[in-house]
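Residue numbers (the numbering used here), protein chains in the order written: chain A, 5 to 157; chain B, -13 to 338; chain C, 9 to 580; chain D, 18 to 135.
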Amino acid sequence: MIGILKGMATTFGHLLRPNFNGDYPATPKVLPERARMSLKLRLDDDGVPLCKSCGLCERSCPDRAIHIVSSKREDGPGRVLERFEVDMGLCMYCGLCVEMCPSAGLEPSGDFEVATARKEDTHRVLWPSASTPSDARRARGDSDDVTAEAVTT
Amino acid sequence: MNGLLRIAVGVVAVVVVVMLNTVFVMWLERKFLGHLQSRRGPMRTGYHGLLQPFADALKMLGKEDLVPAAADRALFLVAPLIAFSPAVLIHVAMPWTEWFAKTASEIGLLMLFAVAALSPVGVVVAGWASHNKYSLIGGIRAAAQQVSYEVPLLLSVVGVVMLARSMRLTDVVGAQGVAWNIVWQPLGFLIFFIGMLAELNRVPFDLPEAESELVSGFNTEYSSMRFALFFLAEYMNVFTWSLVGALVFLGGWMGPVLPGVVWLALKTYALVLLIIWVRGTVPRVRVDQLLAVSWKVLLPASLLGAMITAVGVVFGPIVLVPLQFAGVLTLGWVIARLGNDAGEAARAVVRL
Amino acid sequence: MTVAYHTDVSPEAILAGMPSAERPCKIGPGRIPCAHTTPGELLDMLRQLRDEHGFTHLELLTAEEMQTASDDDGVGAEPGVRMVYGLTRRSDRRTMVIYVALPDGALEVPSISSLWRGAAPLEREVFDLFGVHFNGHPALTRIVLRDDFVGHPLRKSFEMPEGGVSAETVRAAAASHGDAHLRADGTADPASIPGLDPALLPCPEPGFETERIVVHMGPQHPSTHGVLHLWLVLDGETVVAAQPTQGYLHRCIEKLAESRDYRACTALLDRCDYVSGFHTELAHVLAVEELCGIESTPKADFLRVLFSELVRITSHHTWFAAAGLDTGALTPFLYAFIDRELILDFFEEVTGGRMMFNYFRPGGVKDDLPPGAAARMVEYLRTFDRAVDEYEALLTGNEIFRARTRGVAFLDRVTIADYCVTGPMARASGVDIDLRRDQPYAAYDRLPVRVALGEAGDTFERYLVRIAEMRESARLALAALEGLPEGPHVSDGVPRTIKPPKGAAYRAVESPRGELGVYLVSDGSAQPWRLKVRSPAMSNIHAAGPLCAGLRLADVAPVVGSIDIVMGEIDR
Amino acid sequence: MDEAILAFTGFLLVAVALGYILIAIPRSLAPREPSDAKARAYECGEVPVGEPWVRFHVGYYIFALAFVVFDVEAVLLFPWAVVLHKLGLVGLIQMGIFIAVLLLGLVYAWRKGVLEWS
């Protein structure tokens, strides 16, 4: 009986303490700097991606989620990035692509609310366009709607 | 004809009040349990989730009503009604029936137990009819639970009847003018509370639906409103039995300053919260332990408690209180010993 | 274990003195002695090693594809599979490996389940994935793949059907597969349970005897910790027999690893034991470092200990939460998860992931601690004991919890050796093994490791040992933080593409569930030739059969909970 | 008619009607898409093996017998309790003997090992 009473005193103690769980969708969650989330291409001041199309991220990705199309630069050595696609439905957020990139061309986008209602929405084209479903949501102003549609690019 | 109308209106009014209280108990359970666990509980539907039970009911209404192909169809369909109806019917024994029907509750207390004993039958029938092994075991456990707790629960209020010299709940409350029965009958109250938890299938005695063992026990196969009826019956019983506890042991509507109905509500919900609080704290007992505790500890203790009260009634209350309290302490000690002596006596200390 | 063994004889000398041991060699750059033998002599040799030389612990049982191209170590001229048996001597923690080469066309080897009952599921796994046949095995059926699966996927010659297996194919196969078991009334035939003694099944002849029923517990059950499946034979509420089956969470991690580079393997292995990812990562990284001859930095060593211990705490939080739920208490779950969340916040801040860390790297760790993190961790860990006190207030002294767990499901030392049980489960029965102390890795040799040791071996003792481990882990993590040396967090010169030289390595770490090892074979390319995870929980869970027999149905959940399993690690 | 019986009947009617109405509403609201999988008994997502309706071992058969004895006795105590103040010491002794006999029976059953779940 003593043990049960002791337990009841403990639960009563929690009753008096503030609640632990946050009010997530209403109060936005702030993630730490290193938190892994959906990807974004880093651009230089002219709006050109830092990506050199070397393909290291493509090869290091354990899930083969990244797909790069590039062409040979006509005015010199190197390649031009034509298309950078990532299938967030395959991505397992290991962060290896960001880590492996020799030119620091990838970074987390700050967007972790990637839930969509349709599977094809998980496929993102980071280049030539850079909009994500939550960008579109924010543009429309319906921030609470987690199942909002994605923007087709 | 006038009487008939009066009774009809009265019955409907009582059922409406009881249903509203049931819904409130459902919300309270989630909210209070949440806060005991440092959670918020329901927050989205209505103010602090007050409308959550209604939202759940609406959801249940839109669910497909499934019957397993191999089930005993007739019994399967009727079992929720067998469990639900007594939960409503039990209020015929409550004092408020006297407002609209004279001579209604002369054997109130006994009537109460008689009707309450019907509810588990629904659970047993549901368990058997489902043609599901988990349900079957759950149903069999429900029967085991009933045969173990019915007797101590009945005996725990015999003392109250002696003191009130009546089985009518109005008289029982009226007899608590000097001090509440919990003072005269602490042992009785303890046994009543434990027995009530078992009667209600509440933690730590939620064996028939023990989800960590039996998935969902007797109601595994139930869906839609049939499931909801079991659910409703459970919470309605929580409210009803807390009310009974408040009437029988906590002085009912007696109390200074505030109106009687407020006192009754306060006492009833104090017991409801206590039940939820216990649920938020303790694990579940095993079925053989349940039977052992009830037959080896609670039954002798409740018989003894009744005899102590009888002695008190015959020789005056001076002997009653100390003996009863001694009984409570002994019972607590025995329960504590049961936990610590289970298994082997050899106990190794964890060495580092 | 009262027999005293001669520990002065080294494994090398033992193997040299055994006529059946051919071509003694070393694996793991000179660390683990090994030898080859033939299928005919295997059983006698292992028995001799176990009974005469004290190699009582079957640490590893797996197979690898023969590297036909290799000729430098004289291995495998002809294509086939070779069996790998790793045995450990408890007294001095020395391990040896016995190889049995099986050429294609003769993939047969005697089953050693007569020596270790725990070998039976491991052999089923090898049969499933490599197609090796084990003579004398009690029930040689597939263990992770479906019974109607064609082929053995870990063979290099295995090819997936064009376009993989479509969902329709799977559904059709499952339907026809299910129908084979179905009787006229729509229920399945009890006799179709693989590996269950038919004598335990319901008695068919009429009489006054009560009948037994066969119940599935899991995979979709509120308390089987993921997707564990137990066959239960019940007589009333009494469990006559229990047999775990697995495979519902098989994600081909070992197969995938063979086509991913070594860094990506770390990310994959996070998903293996997803409750304590750092340990699988660490075992893999240690094995890679051993193969490549890379040293990690002192700072990385301390950070590895720090995170191994913190993740042990969170893993035990999960166990504690389940321990409450299994006995029917709701609140321990939520209290444990409060503290678990706080620690996961630290993980997220440092590694970027809450559960899938991908943090350890060959040569060190991915990132240094961010500024201020160490101070906040110290602050948290200093008050950690108070949180554990609260857990204990809920369960340790609770009369109902004690009645439910004390004296329930004793695990004796014979069963522990028989099923190769390790970790807290073994320690609760007084088997004093802990790799952190016995075979220190990372910085454990520089930190005061205290091993929580029980004696009684019942469910309650397993509970006490894990509670004590939580406190100890917090202490150890604090010590690692306070002793954190200055310097780089990763050593220089680790190539971007890791290509270890040809060879094999086996490294084990003490995970919250026991000895978690990674056996890594390199063929010199950028992808592992074979990556095998020695799963402690897989060995432990198969001891559930003897543990649960004779108990009540209600005991099964707490007892299985006290084994503390993670299905991701069992099925991989 | 006795008002007690009227009230009882009223409650019974309302109780059954309420339950029936609650069950009947989903018939018009809820979808109906029966399938074999839905109609199969739930056993953790696996095909059930064997029949649940067997000669099931019930571990508390003797308890149930003892229950009948003690339940009747408990009901007998109630009228006695109501009039105890009138019966006085004699009533106390009489009931004391009765309960002592019952307790003796309980002790006997206990010693015989009946009060163990088997």
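Glycine is no exception: its CB is placed at the ideal position from the N, C-alpha and C atoms.
Contacts that residue i makes with chain C (C-beta to C-beta distance below 7 Å)
{"i": "A:G114", "result": "By Cβ distance, chain C contributes nothing, its closest Cβ being about 13 Å from A:G114, past 7 Å."}
{"i": "B:V201", "result": "H229, P230"}
Span of the alpha helix (DSSP H), counted from its first residue to its last, around residue i
{"i": "D:H102", "result": "78 to 128"}
{"i": "C:H141", "result": "Looking at the DSSP string, C:H141 is not in any alpha helix (DSSP H); the run it does join, the beta strand (DSSP E), is 141 to 143."}
{"i": "C:L68", "result": "Careful: C:L68 lies outside any alpha helix (DSSP H), inside the beta strand (DSSP E) at 65 to 73."}
{"i": "C:A382", "result": "381 to 390"}
{"i": "C:S547", "result": "544 to 549"}
{"i": "A:I6", "result": "6 to 20"}
Span of the beta strand (DSSP E) around residue i
{"i": "C:T103", "result": "102 to 111"}
{"i": "B:W166", "result": "First-last for B:W166: undefined, no H or E at that position."}
{"i": "A:E89", "result": "83 to 91"}
{"i": "C:T467", "result": "Element bounds for C:T467: not the beta strand (DSSP E) but the alpha helix (DSSP H), 467 to 490."}
Separation of residue j from residue i, as counted between CA atoms
{"i": "C:I22", "j": "C:I120", "result": "20 Å"}
{"i": "C:L461", "j": "B:L155", "result": "58 Å"}
{"i": "C:D281", "j": "C:Y527", "result": "16 Å"}
{"i": "D:W127", "j": "B:K282", "result": "8 Å"}
{"i": "C:T246", "j": "B:A130", "result": "15 Å"}
{"i": "D:P51", "j": "D:A58", "result": "14 Å"}
{"i": "B:F311", "j": "B:L173", "result": "7 Å"}
{"i": "B:V(-3)", "j": "B:N167", "result": "29 Å"}
{"i": "C:A331", "j": "D:V85", "result": "37 Å"}
{"i": "C:P536", "j": "C:F345", "result": "36 Å"}
Closer than 9 Å at the beta carbon, the chain C residues around residue i
{"i": "A:G170", "result": "Given a span of 5 to 157 for chain A in the structure shown, any question on residue 170 of chain A remains unanswerable."}
{"i": "A:I6", "result": "G405, E407"}
Cβ of residue i within 8 Å of any chain C Cβ
{"i": "D:P69", "result": "yes"}
{"i": "A:T28", "result": "The sequence given here places Tyr at residue 28 of chain A; Thr does not occur at that position. Output row for A:Y28: interface = no."}
{"i": "D:R72", "result": "yes"}
{"i": "A:E103", "result": "yes"}
Contact list for residue i against chain C, beta-carbon separation under 8 Å
{"i": "D:E60", "result": "V223, H224"}
{"i": "A:E111", "result": "Simply none; closest approach about 12 Å."}
Member of the options whose CA lies at the smallest distance from the CA of residue i
{"i": "C:A476", "options": "C:D309, C:L264, C:K507, C:R320", "result": "C:R320"}
{"i": "D:M112", "options": "D:F95, D:L82, D:V64, D:I79", "result": "D:F95"}
{"i": "B:V393", "options": "D:V124, D:G130, D:V99", "result": "Because residue 393 of chain B is not part of the residues shown, which for chain B are -13 to 338, the question remains open."}
{"i": "B:L176", "options": "B:L6, B:G145, B:V271", "result": "B:G145"}
{"i": "C:A487", "options": "C:S316, C:D112, C:P508", "result": "C:S316"}
{"i": "C:V158", "options": "C:F138, C:H145, C:P146, C:G144", "result": "C:F138"}
Contact with chain B by residue i, beta-carbon distance below 8 Å
{"i": "C:E245", "result": "yes"}
{"i": "A:M41", "result": "no"}
Contact with chain A by residue i, beta-carbon distance below 8 Å
{"i": "B:V268", "result": "yes"}
{"i": "B:R26", "result": "yes"}
{"i": "C:A272", "result": "yes"}
{"i": "C:T359", "result": "yes"}
{"i": "B:G318", "result": "yes"}
Contacts that residue i makes with chain B (C-beta to C-beta distance below 9 Å)
{"i": "A:T15", "result": "L22, Q23, W263, G266, T267"}
CB contact below 8 Å: residue i versus chain D
{"i": "C:Q56", "result": "no"}
{"i": "C:T413", "result": "no"}
{"i": "B:V300", "result": "yes"}
{"i": "C:E219", "result": "yes"}
Within chain B, the residues that residue i reaches when beta carbons sit closer than 7 Å
{"i": "D:I63", "result": "It should be pointed out that residue 63 of chain D corresponds to Glu in this sequence rather than to Ile. Chain B residues near D:E63: none, gap ~12 Å exceeds 7 Å."}
{"i": "A:H18", "result": "L22, Q23, S24"}
Per-residue contacts from residue i into chain A (C-beta, under 8 Å)
{"i": "B:M29", "result": "D27"}
Proximal chain D residues relative to residue i, where beta-carbon distance stays under 9 Å
{"i": "B:E207", "result": "A58, Y59"}
Amino acids of chain A, ordered along the chain, whose beta-carbon sits closer than 7 Å to that of residue i
{"i": "C:I346", "result": "F24"}
Neighbour flag for residue i against chain E, beta carbons, 8 Å
{"i": "B:V133", "result": "Annotation note: the requested chain E is absent from the structure, which comprises protein chains A, B, C and D."}
Neighbour list for residue i in chain D, Cβ cutoff strictly below 8 Å
{"i": "B:I177", "result": "Chain D residues near B:I177: none, gap ~12 Å exceeds 8 Å."}
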